[in-house]
Each structure stands twice: as structure tokens, then as C-alpha cells.
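**Q**
2 protein chains.
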Amino acid sequence: MNQSAPTSDQPTDQTGTLSYEQAGVNYDLIDPLKITAQRAAASTAVHLAGHGFTEVAASRGESAYVVDVGPFYLASIVECLGTKTLVADEMAKLTGKSYYDGIAQDTIAMAINDLITVGATPLVVQAYWAAGGSDWFGDSQRAQALVAGWKRACEVCSVAWGGGETPALAGIVEEGRIDLAASCTGLINPKERLSVGDKLGAGDAIILLASSGIHANGLSLARKLVERLPNGYLTEISPGVTYGEALLAPTVLYSPVTEALWKAGITPHYCANITGHGWRKLLRHPNELTYRIHSVPPVTPVLRFIQAQAKQDDREAYSTLNMGAGFAIFVKAEDAERTVEIARAQGIAAWNAGVVEAGPKQVLIEPLDIAFTNDDLQLR
Amino acid sequence: MNQSAPTSDQPTDQTGTLSYEQAGVNYDLIDPLKITAQRAAASTAVHLAGHGFTEVAASRGESAYVVDVGPFYLASIVECLGTKTLVADEMAKLTGKSYYDGIAQDTIAMAINDLITVGATPLVVQAYWAAGGSDWFGDSQRAQALVAGWKRACEVCSVAWGGGETPALAGIVEEGRIDLAASCTGLINPKERLSVGDKLGAGDAIILLASSGIHANGLSLARKLVERLPNGYLTEISPGVTYGEALLAPTVLYSPVTEALWKAGITPHYCANITGHGWRKLLRHPNELTYRIHSVPPVTPVLRFIQAQAKQDDREAYSTLNMGAGFAIFVKAEDAERTVEIARAQGIAAWNAGVVEAGPKQVLIEPLDIAFTNDDLQLR
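As you go down the protein sequences, you meet chains A and B in turn.
Heads up: the first sequence begins at 1 in this note's numbering, then just goes up one per residue.
Heads up: the second sequence begins at 1001 in this note's numbering, then just goes up one per residue.
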């Protein structure tokens, strides 16, 4: 069970530090359900035996669920975009443009970037577009942008768009809004591509891949900050670029990198999609290991701006936002430089940023003197 | 692309006939998007070749998308529950009970009953539970009922619950509401189980499987009718059974029947999940064939009640609601009686209800003197 950032209308201090929790996250209410659901879900794995199959138990708690179907592994997932559409809707009012082509990419990225962490090649994406009423689809500029962006993202990831749902849910989804999600199915083929962390160990290199901005996690915080800005989403954060536009930079699709790595003979030992919980996601795997980061990638301007406006120190910022690194790949040390080159050849900046060491479970971001321990991330 | 029933707030005559269109369906707004999306989706199939695979083109426009991955076919889907939760929420206020165990089954049924139409064995279900805020999950009775019902439905269908999403989407999903969906992945294994209609032909028998009530399609109409009832959802429609409770009877899960058929050596030529568009769904396959129904199953009391209250004639009712038949299986004539017996052995009433004939594309419901022609159903 993954979680998108919940939002609330808690009053906040208009000038002080704004943490993620203050932006409306209340995991205390969701977590008991999540734990019950995880246990119930785990208990259903036995049904696969009746079909001659078994689950890959190590994938429970990972970003995608994996089943051994004999000649290869089957991976599947459903992922929600979250609340990024609220920014797109506000910006559309301010500029008259539609941002739903980028929003489509964001939605697909949420599913694809999780699915590939286990070593899967994404094959089929299904669209889940639940609108607040039929009227949503009547804005043809916006609807066509959503279709065009969805198609283009499928092309980038070489996946087939299988179909989907376009329900109009008046009374459930708010009028004028849309709840976007994507499901994705893929294969881990051949089976040695499986990367659920069993090979992860001391000596591995940590490769970080660049993000394009906030991606689709941390939007609750980003939206809260607008209240503090006299020009709101139209505030310039760098010459000619508004806060709103910068927030809407589409999430990077990382599957071209993982596919290119496979073709080059590199099999990652593990991958982490850096979404909610920021760099604490580097602690995702349950193994007792230390992740020492010696090089920190440049921070994208919109994230630097959010950090400044929210008056967050580096520890808070790196524990919440991707801070310039959207995806981490753990590879054998000897594959590190080639992994960086292969990512760059796909047009994605990448850095050989750290090493895995024996030691207590923690992330040490040395240049910033930050340590996250296991207590900072409880995902399962 | 499938569609759930959109709803609107169009004024309606409080006493006259209430059609599905008057209950708020406006396909004119959704259809242009749907057609554009279908074309864009179809154009992405070429990407599978890069992975060594191909789509089963005949599955485009069917209820699930199918890819040939070599040793077997892969089928996948995402499906929305629709607005049935609005009835559950109203009934919870009136009775103090939670109906989310049944709602969970409904949601899974939406995905499973579509996936099995192509001959797939469902393997993995993912949960999509998008709430209007963290608070939704704080009602532990309701949340636990949702988990328990989800687990039980997985057990009935022998699928593994892989995981899912539990986002809190304040600003997108209405406060106090939840948008429920399920994705499902399965295999068609062995490949001769594929049922996309290529074997469907004159002489085949039409087996209808019983529904439990309204299932999860037609709820917009059912909710509109409440305005006409002095006792609303608490109106008794049969001794001791209220309208609300009857509406909330969970959707029948049909995969135990399709799996039992396979074990008995019966391979359906085609299947149709009777959801939106009622019995017009019998026209789903593009072939030019006549479907002659000689026996009409008993109509469940809640559907008879809706028909009477909405003052619909049989033609309108059968073109909108399942009218007692939730699923149709098309088999060789010689397999007809055994198919009925196998369904009944799974606890699901079934009838050898009609035959497929050469002739113009139409459904003839002889006992009711109703004909639906191709003009009555445009799904692709």
C-alpha cells in the first residue's frame, strides 16, 4: 500500500516554517487501515497456488507486486496522481492554457516509475480518469491535451495503452475536478532481471537520476505556500518562469533508462523511486545497510524555492521532497560509471552519488551533514 | 474505454417516466473524448513489438485488453465502481450499519467480471481507494468492513490482492466520500481459452447467469427515484427488505463459474458482462448475428421495483438494467445444459435462455416482444 499526500484545511502560520505535516498529512488516521489491509492482502497470496503460481514474497512492501508465472515474473500496480491537477486547474484559469498533457505524463510516471523498480519492463497501461461530471470532458482543449499527453508518455515508455475508464462521478469527485490514476502491467523477463533487493549489498554504487522538479509528490505543501505569495502561482522563481509553470514540469519517465541498462548488460541490484518521503526512500529496502551519499545533485529551482518559502532546513527538505533526484539505482561498483553514461544517453542527468556500506540502516548525506535512520521511514 | 453512468442535477418530472438519460447520463460530452482516446490507444500497440510481443487486436473494444506474450496471453483492466457508495453512505446514516464489505465485492466484481469475458483467469487485484480526506479512514468500522469485504471477494475469486493505493484527495474527491476502483491482471492459459468472439456463431447457445440485483450499474437512476419515495431508501420493496438494502446486494462474482467451466472442458465462444446498457450488451460482439432469447429469467424484486417506480416499459428497462441476468456465456449447443449445471453447482442460478442465429445484428427477446438492433448499442 502506497500513499499519496493527504491534504487538509488545518490553519497554518502564514510566515513560519511549513512542514509536510502542517500541510495536511495525517498518517495517524490512514495507517491503521493500511496495516490491516497489508495483512489481509498478504493472506491472499495462497490463492496463486491453485493456478500453479506463487508470489515473489520479497515484493510485498516493494513498489510493485510480483508473481512467478513460470517462464517469467508478472508485475502489476495501480497508482494515483494525487493533487497535482489542482495546480493545473488554477494555472489554466490564470493563463488560459491547458496543462493536461504534462499531467497525463505525471500520472503515467507514477505507475511506470514504481513498476520498473522491481526490474519489470512495462507493457500495458490502463487509464483511470474519473471526472466530477460529464462536463469535464466537454472542455475539448483540456480533454485532447490529456489524450495527447497520455499517448506521448506511452510512446516514451514503449508501452501499449490498453484502455481504461472515463467515469463521471458527480457526488464523489468534485465538480470541475478529475481523479487521475494509471494501472500498469509488465513482465520481468528474463527472470534474472528481478530486482527486489536480494543482491543489494555493501560496495554497491548509488546512482541518482535527475528529477524535473517537484514531480507529483509534495504538492500539498507546494499549494499551501501559494497563500504566502503575493503573486501566487504567477510569482517568478527564475527569469520568465512562474512558480505554477515550474511546479507543472512533468515527472521524468525513467523506464527508458532501466530498459537501456538491461540492453547494455547491467542489472540493477535495487531501485528506489524517490516520491513521498523524499530521500528517506533510499532506506526503502528492509536490509540493515548504510547508504553514504558523497555527492548531492543540483537542486531544481522550484524545489529550492519551496524550501526557502517554507523555511525548511535541509533535513526537512530532503526528508520530504526529491531535491533534484527522482530515482535511485543501486548497481555493482564496476557498473557505476557506465550506468551514469547510459542514463545521460537517454537525456537524463545522472550522478554516481554514493556507496552502500555494511552498518546500521541509515542514509548519510555527507555534504549536508544529514542522517536519516530507520525510525525516519516506516513503510511496512 | 468503458463508461460508468455519469450523473447530473437535471430537473426531472417527479411523477412521470424516468429514463436513464433523464437520470443524468450525457454521453454526448464524453463520447468525442472516448473516440479520440480509443484511436490514440490503438496507435500505441506497435510498441509491444519492441518487446517481442503483439496485442490481440480483437480485444480492442472488448472488456479487457489482451497481449500475446508467447506461452500465454496477458489480460489487464482497470474498473471504477461508480456511485454505489452514495447509496451505502445514505443507508449507513439511516441504519448505523456499514455496507462497505459488500461495496468492496462490488468494486472487485467490476474488474473481475470484465476480465473473465476474454477467457482470462484473474490472478492479481490491486485496490484503488481514493478518499476525500484522511478522515475517511478514521471511521474504523467502515474501513475494516472495506478491508474484510475486499479480502473475501479475493478469496471467492482465488486471486491475490497485490496491494494498492489509499490516497486522501481533499479538493478532488468530496469530503466524506471515496472513489473506489480495482485493477486486475490475469492470464489466458492455455491460449485456447481466449474468447474474443472469433468462434461465436450460429447455433451457439446463450446461457444467462443470475444477478443479485442492480449490481453496480443503473445507480444514478436508482438514486433519482428515492426522491419519489415517501420513505426513501427505507421503503419496503418486499417483506422485511428495504429499497436501500436491496440496492446494496453485492454484485455476483462470476469467475468461479468460468473457472469451473474450463475444468469441465467447456470453452465459451464468447462472454458478455451485462452492466451499463442492460441487455443491449448481448450485442457487444461486432459480428453480424441475431441473438434470439426464448426464456427470460425471473426479475429480481429491486429491479422490478425500479422499473415500476420509473414507469419504464420493458424495452426501456431491459435496455438499461440487467433485469435478473448479470452475465451471458455463449457456448456450443451441446455444452448448454452442462454449462447451466456447472453454474448452479457454483451457487449461481443459470438458464439456457436463447440461441445465436445467422441474420441481422439484433437481440430478440421473444417473450417480451423486444428487439434491440445495432443502432441501440455503439460501444466502439
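Glycine included, each C-beta is placed from N, C-alpha and C at the ideal position.
Model, not experiment: these values are computed from the prediction.
1. Quick one: measure Cβ to Cβ for Glu1040 (chain B) and Trp161 (chain A), integer angstroms, because I've assumed they're closer than 8 Å.
2. How many Å lie between Glu1357 (chain B) and Ala1202 (chain B) at the Cα?
3. How far does the alpha helix (DSSP H) with Glu1079 (chain B) in it extend, from its first residue to its last?
4. Quick one: is Cys1154 (chain B) near chain A, going by C-beta distance under 9 Å?
5. Can you pull the chain A neighbours of Asp1114 (chain B), defined as C-beta to C-beta under 9 Å?
6. In terms of alpha-carbon separation, which member of B:Ser1319, B:Gln1312 and B:Tyr1254 lies closest to Ala1349 (chain B)?
7. Comparing alpha-carbon positions, which option in B:Gly1061, B:Asp1068 and B:Ala1143 lies nearest Asp1114 (chain B)?
8. State yes or no: is the beta carbon of Val1128 (chain B) nearer than 9 Å to at least one beta carbon in chain A?
9. Which residues does DSSP list as the beta-bridge partners of His277 (chain A)?
10. Output, in sequence order along the chain, the residues in the region 163-181 of chain A whose CB is closer than 7 Å to any CB in chain B.
11. What residues match up with Asn352 (chain A) in a beta bridge as DSSP calls it?
12. Over what stretch of residues does the beta strand (DSSP E) that includes Val363 (chain A) continue unbroken?
13. Does the contact criterion of 3 or more C-beta pairs under 8 Å hold for the region 1211-1224 of chain B versus the region 1241-1258 of chain B?
14. Does the beta carbon of Val226 (chain A) come closer than 9 Å to any beta carbon on chain B?
15. By a C-beta neighbour count over all protein chains shown, 10 Å radius and 16 as the cutoff for buried, is Gly176 (chain A) buried or exposed?
16. From the DSSP output, read off the bridge partner residues of Glu1055 (chain B).
17. So is Asn1396 (chain B) buried or exposed if we call it buried at 16+ other beta carbons inside 10 Å?
18. Please say whether Trp1136 (chain B) and Asp1172 (chain B) have beta carbons closer to each other than 9 Å?
19. On the premise that Leu1169 (chain B) lies in contact with Thr54 (chain A), defined as a C-beta separation below 8 Å, what is that separation, rounded to the nearest angstrom?
20. Measure the alpha-carbon distance for Asp376 (chain A) versus Gly359 (chain A) and round it to whole angstroms.
21. Tell me which residue opens and which closes the beta strand (DSSP E) that Thr121 (chain A) is part of.
22. Please report whether the beta-carbon of Trp262 (chain A) lies at a distance below 9 Å from any beta-carbon of chain B.
23. Specify, as a first and last residue, the run of the beta strand (DSSP E) that Glu259 (chain A) falls within.
24. Determine the direct distance from the alpha carbon of Pro1190 (chain B) to that of Ala1260 (chain B), and round the result to whole angstroms.
25. Can you give me the Cβ contacts of Lys1311 (chain B) inside the same chain, cut-off strictly under 6 Å, excluding the 5 residues immediately before and after it?
26. When you compare each of B:Ile1108, B:Leu1074 and B:Gln1144 to Pro32 (chain A) by their alpha carbons, which one comes out closest?
27. May I have the straight-line CA-CA distance separating His285 (chain A) from Arg1152 (chain B), to the nearest angstrom?
28. Got a sec: is the Cβ-Cβ distance from Tyr1065 (chain B) to anything in chain A below 9 Å?
29. In angstroms with no decimal places, state the Cα-to-Cα distance between Val1069 (chain B) and Val67 (chain A).
30. Answer yes or no: does any C-beta atom of chain B fall closer than 9 Å to that of Glu192 (chain A)?
31. Could you name the residues of chain A that Pro1071 (chain B) contacts, counting a contact when the two beta carbons are closer than 8 Å?
32. What residues in the region 1028-1041 of chain B have a beta carbon less than 7 Å from any beta carbon of chain A?
33. Whose Cβ in chain A lies nearer than 8 Å to the Cβ of Phe1053 (chain B)?
34. To the nearest angstrom, how far is it from the Cα of Asn1374 (chain B) to the Cα of Lys1199 (chain B)?
35. Please list the segments of the beta strand (DSSP E) lying wholly inside the region 136-163 of chain A, counting only runs of 3 or more residues, in order along the chain.
36. Mind listing which residues of the region 89-120 of chain A have their C-beta closer than 7 Å to chain B's C-betas, in chain order?
**A** The answer reads as follows:
1. The question names Glu, yet the displayed sequence has Ala at residue 1040 (chain B). Contact holds; Cβ gap of about 7 Å.
2. Approximately 4 Å between the Cα atoms of the pair.
3. It is not in any alpha helix (DSSP H) - Glu1079 (chain B) instead sits in the beta strand (DSSP E) that spans Tyr1073 to Cys1080.
4. Chain A, which has a Cβ nearer than 9 Å to the Cβ of Cys1154 (chain B), makes this yes.
5. The premise fails here: Asp1114 (chain B) is roughly 10 Å from chain A at the closest Cβ pair, so nothing lies under 9 Å.
6. Cα-wise, what sits closest to Ala1349 (chain B) is B:Tyr1254.
7. Of the residues B:Gly1061, B:Asp1068 and B:Ala1143, the one whose Cα lies closest to the Cα of Asp1114 (chain B) is B:Gly1061.
8. The displayed chain sequence assigns Tyr, not Val, to residue 1128 (chain B). Interface flag for Tyr1128 (chain B) against chain A is set, since a Cβ pair is found closer than 9 Å.
9. The partner list for His277 (chain A) (beta bridge, DSSP) reads A:Thr275.
10. Those residues of the region 163-181 of chain A that come within reach of chain B (Cβ to Cβ, closer than 7 Å) are Gly163, Gly164, Glu165, Thr166, Pro167, Ala168, Leu169, Ala170, Gly171, Ile172, Val173, Glu174, Arg177, Asp179 and Ala181.
11. Asn352 (chain A) is bridged by DSSP to A:Ile207.
12. For Val363 (chain A), the enclosing beta strand (DSSP E) begins and ends at Gln362 to Ile365.
13. In short, these stretches touch, since the Cβ pair count reaches three.
14. Closer than 9 Å: no.
15. It counts as exposed.
16. Listed as beta-bridge partners of Glu1055 (chain B) by DSSP are B:Val1067.
17. Residue 1396 (chain B) falls outside the range modelled here, since chain B spans only 1001 to 1380, and no answer is possible.
18. Per the sequence presented here, residue 1172 (chain B) reads as Ile, with Asp not at that position. Remark: C-beta atoms of Ile1172 (chain B) and Trp1136 (chain B) do not approach each other more closely than 9 Å.
19. About 35 Å; that fails the 8 Å criterion.
20. Roughly 17 Å separates the two Cα atoms.
21. Annotation for Thr121 (chain A): the continuous beta strand (DSSP E) segment containing it runs Thr121 to Ala131.
22. Residue-level contact by beta carbon fails for Trp262 (chain A) and chain B, as no gap is shorter than 9 Å.
23. Here Glu259 (chain A) belongs to no beta strand (DSSP E); instead the alpha helix (DSSP H) covers Ser255 to Lys263.
24. Straight through space, the alpha carbons of Pro1190 (chain B) and Ala1260 (chain B) are spaced by roughly 15 Å.
25. Answer for Lys1311 (chain B): Thr1017, listed in chain order.
26. Cα-wise, what sits closest to Pro32 (chain A) is B:Gln1144.
27. Near 30 Å, if we compare the C-alpha coordinates of Arg1152 (chain B) and His285 (chain A).
28. Using a Cβ-Cβ cut-off of 9 Å, Tyr1065 (chain B) counts as an interface residue toward chain A, since at least one Cβ of chain A sits closer than that to its own.
29. Our two residues, Val1069 (chain B) and Val67 (chain A), have alpha carbons roughly 15 Å apart in a direct line.
30. Interface criterion not met: the Cβ of Glu192 (chain A) is under 9 Å from no Cβ in chain B.
31. Near Pro1071 (chain B) (Cβ distances below 8 Å), the residues of chain A are Gly70 and Pro71.
32. So the list reads Leu1029, Ile1030, Pro1032, Leu1033, Lys1034, Thr1036, Ala1037, Ala1040 and Ala1041, given in the order they occur along the chain.
33. Neighbours of Phe1053 (chain B) on chain A, chain order: Leu123.
34. Between Asn1374 (chain B) and Lys1199 (chain B), the C-alpha separation is close to 20 Å.
35. Scanning the region 136-163 of chain A from its first residue to its last, no whole beta strand (DSSP E) run of 3-plus residues comes out.
36. Within the region 89-120 of chain A, no residue has a Cβ that lies closer than 7 Å to any Cβ of chain B.
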